[in-house]
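Colleague: Residue numbers (the working numbering), protein chains in the order written: chain G, 10 to 146; chain U, 5 to 224. Ideal Cβ placement from N, Cα and C applies to all residues, glycine included.
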Amino acid sequence: MRVMIIGCGRVGSVLANQLDEAGHEVVVLDRNQQAFRRLSEKFSGERIVGNGLVDEFVRPTLEKKTDILFAMTDNDNINLMIAQKVKLNFHPGEVIAVVHDSILAGLYKELGVETVCPTDLVIKDLLQRLQISKESV
Amino acid sequence: MYIIVVGAGKVGYHLARLLMTESHHDHEVMLIEKDRAKVNLLSVEFHDAIMEGDGSTVEALKEAGANRADVVVATTGNDEDNLVICQIVKLMFLRPRTIARVNNPRNEELFAGLGVDASVSGTKLINAIIHEQVRAGDMMIPLLTLKAGDIEIVEVQLTRSSHIVRKKIKDLTLPTGSIFIAVIRGEEVIIPYGETEFQPEDKVLALVKRESEQALRELL
Chain G
10 MRVMIIGCGR VGSVLANQLD EAGHEVVVLD RNQQAFRRLS EKFSGERIVG NGLVDEFVRP
70 TLEKKTDILF AMTDNDNINL MIAQKVKLNF HPGEVIAVVH DSILAGLYKE LGVETVCPTD
130 LVIKDLLQRL QISKESV
Chain U
5 MYIIVVGAGK VGYHLARLLM TESHHDHEVM LIEKDRAKVN LLSVEFHDAI MEGDGSTVEA
65 LKEAGANRAD VVVATTGNDE DNLVICQIVK LMFLRPRTIA RVNNPRNEEL FAGLGVDASV
125 SGTKLINAII HEQVRAGDMM IPLLTLKAGD IEIVEVQLTR SSHIVRKKIK DLTLPTGSIF
185 IAVIRGEEVI IPYGETEFQP EDKVLALVKR ESEQALRELL
């Protein structure tokens, strides 16, 4: 699979490392060169320094067939704008925006933007643990 | 009208102030700003008409009463925030019209495609005004110089403000030593005659003697 990851933060970098190791073709974009330090030494994918909201930086990657794009900078609104823009302009196979605001994440699903909400996932996990500890009492 | 303005930067602040002081209108205004220091500073002037909050969240917009607003204007310096503000309003509150400030003029089309009712780009506005101000005669481009510079073929791009637009050649007094040789309208090339009427987007080719160039410039 060919994957583009916009935002090489704590989550983005680990995702990039793992997909690369699993043999996928990975392109990582971040506006800060220093962010690529988080990638492992073995990382063999492409690194692009640039702004994910500017077509010039994403076009070279997305002009080729791309199976999935993750918009996962630390800013919800940027991720939502990237996701919608890229869908309109380049039509990659799938686009997923990481959105920390739980209400926004739900709202944009109605607009047809696929979102993943880390906040919801943590809450779900914590509630499950609560359930387990209750059962063990 | 009830108008919500998001972002108390220069644009948002002055817009809100203008709306509130327009005495002939009975506008109710709410300014939403996420920087607490700015809110504190401006609350002296705005009293209850300013609130602290992130305007790109459902909570803040709800608190501001977006469900009964007539217009929501997103004026922050970040296009991604302005887009999300307008989209939330459209999805959650239905009623208000949304207006976004577009910081990067290239985003204007995108915003329209993503459901924002209207967008305003400062760069585009200023650019449009400049083009209105520039007279067609000032945009005369020499194409070819003949007879060691005595005669020139020039090209002039007409605009809405050109003097000869909507006029027929037979009604114009061309300076001696000049003649229109072609009018380029889109893909079409017109060999002009008396009945030819100039349109705002026309490109006009003219043959002109050096000494008549200034006069032709003034005519256009």
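By the 10 Å Cβ neighbour count, where 16 or more other Cβ atoms means buried, how is residue 134(G) classified, buried or exposed?
Modeller: Classification for residue 134(G): exposed.
Colleague: Return helix, strand or coil for residue 4(G), following the three-state DSSP convention.
Modeller: Chain G is shown only over 10 to 146; residue 4(G) falls outside these bounds and no answer can be derived.
Colleague: At which residues does the beta strand (DSSP E) containing residue 147(U) begin and terminate?
Modeller: Taken as a continuous stretch (DSSP letters only), the beta strand (DSSP E) holding residue 147(U) covers 144 to 150.
Colleague: Report the neighbours of residue 117(U) on chain G: residues whose CB is nearer than 7 Å to its CB, in chain order.
Modeller: Those are 97, listed as they occur along chain G.
Colleague: Please state whether DSSP places residue 118(G) in a helix, a strand or coil.
Modeller: Helix, per DSSP.
Colleague: Residues in the same chain with beta-carbon distance under 7 Å from residue 102(G), minus the five sequence neighbours each way, listed in chain order, please.
Modeller: For residue 102(G), where only same-chain residues beyond five positions count, the Cβ hits under 7 Å are 75, 76 and 77.
Colleague: Could you check how far apart the C-beta atoms of residue 121(U) and residue 103(U) are, in whole angstroms? I think they sit under 8 Å.
Modeller: Correct: roughly 6 Å between the Cβ atoms.
Colleague: With a threshold of 8 Å between beta-carbons, can residue 96(U) be considered close to chain G, or not?
Modeller: Yes - at least one Cβ of chain G is within 8 Å of the one on residue 96(U).
Colleague: In the stretch 112 to 140 of chain G, which residues sit with their C-beta less than 9 Å from some C-beta in chain U, listed in chain order?
Modeller: Listed by position, the residues of the stretch 112 to 140 of chain G near chain U (Cβ gap below 9 Å) are 112, 113, 116, 117, 119 and 120.
Colleague: Using only the heavy atoms of the ligand MG, determine whether one of them is closer than 7 Å to the beta carbon of residue 214(U).
Modeller: The ligand MG is not among the ligands present in this structure, which contains no ligands whatsoever.
Colleague: Strictly under 8 Å for the Cβ-Cβ distance: is residue 87(G) near chain U by that measure?
Modeller: It does: the Cβ of residue 87(G) has a partner Cβ on chain U nearer than 8 Å.
Colleague: Would you give the residue range spanned by the beta strand (DSSP E) that residue 161(U) belongs to?
Modeller: Taken as a continuous stretch (DSSP letters only), the beta strand (DSSP E) holding residue 161(U) covers 155 to 161.
Colleague: In this structure, does DSSP put residue 104(U) in helix, strand or coil?
Modeller: Strand.
Colleague: Which residues of chain G have a Cβ atom closer than 9 Å to the Cβ of residue 114(U), listed in chain order?
Modeller: Result: 90, 93, 94, 97 and 98.
Colleague: Is there at least one Cβ from chain U nearer than 8 Å to residue 78(G)'s Cβ?
Modeller: By this cut-off, residue 78(G) is not an interface position.
Colleague: Is the Cβ of residue 29(G) closer than 8 Å to any Cβ of chain U?
Modeller: Cβ-Cβ to chain U under 8 Å: no for residue 29(G).
Colleague: What are the complete alpha helix (DSSP H) segments, minimum 4 residues, inside the stretch 19 to 104 of chain G?
Modeller: Complete alpha helix (DSSP H) runs here, min 4: 19 to 30, 64 to 71 and 85 to 99.
Colleague: When the Cα atoms are used, what is the spatial distance from residue 6(U) to residue 111(U)?
Modeller: Using only the alpha carbons, I get a separation of about 27 Å.
Colleague: Starting from residue 65(U), find everything on chain G with Cβ-Cβ shorter than 8 Å and list it in chain order.
Modeller: Within 8 Å Cβ-Cβ: nothing; residue 65(U) doesn't reach chain G, min ~11 Å.
Colleague: Is it true that the stretch 209 to 216 of chain U meets the stretch 179 to 188 of chain U, where meeting means three or more beta-carbon pairs spaced less than 8 Å apart?
Modeller: Contact holds: three or more Cβ-Cβ distances are below 8 Å.
Colleague: Alpha carbon to alpha carbon, how far is residue 70(U) from residue 9(U)? Give it in angstroms, no decimals.
Modeller: Taking the straight line from one Cα to the other gives about 10 Å.
Colleague: Our contact map puts residue 79(G) next to residue 14(G) with C-beta atoms below 8 Å; I'd like the distance itself, whole angstroms only.
Modeller: That pair is a contact at about 5 Å.
Colleague: Between the beta-carbon of residue 83(U) and the beta-carbon of residue 62(U), is there less than 8 Å?
Modeller: The answer is no: Cβ separation not under 8 Å.
Colleague: Name, going along the chain, the residues of the stretch 42 to 73 of chain G whose beta-carbon falls closer than 9 Å to a beta-carbon of chain U.
Modeller: The residues in question are 62, 63 and 64.
Colleague: With H, G and I counted as helix, E and B as strand and the rest as coil, what does DSSP make of residue 75(U)?
Modeller: It is a strand residue.
Colleague: Does the beta-carbon of residue 150(G) have 16 or more other beta-carbons within 10 angstroms, so that it is buried, or is it exposed?
Modeller: Coverage of chain G is limited to positions 10 through 146, which leaves residue 150(G) absent and any answer about it impossible.
Colleague: Out of 171(U), 154(U) and 80(U), which has the shortest C-alpha to C-alpha gap to residue 126(U)?
Modeller: Ranking the options by Cα distance to residue 126(U), first place goes to 80(U).
Colleague: Measuring straight from C-alpha to C-alpha, what distance separates residue 60(G) and residue 132(U)?
Modeller: Computed Cα separation, rounded: 28 Å.
Colleague: Would you call the CB atoms of residue 72(U) and residue 56(U) closer than 8 Å?
Modeller: Contact flag unset, no.
Colleague: Tell me, which residues are paired with residue 10(U) by DSSP?
Modeller: Answer is 36(U) and 78(U), bridged to residue 10(U).
Colleague: Going along the chain, which residues of its own chain have a beta-carbon closer than 8 Å to the beta-carbon of residue 21(U), five neighbours each way excluded?
Modeller: Correct list, in chain order: 49.
Colleague: Flag residue 110(G) as yes if its beta-carbon sits less than 8 Å from any beta-carbon of chain U, otherwise no.
Modeller: Closer than 8 Å: yes.
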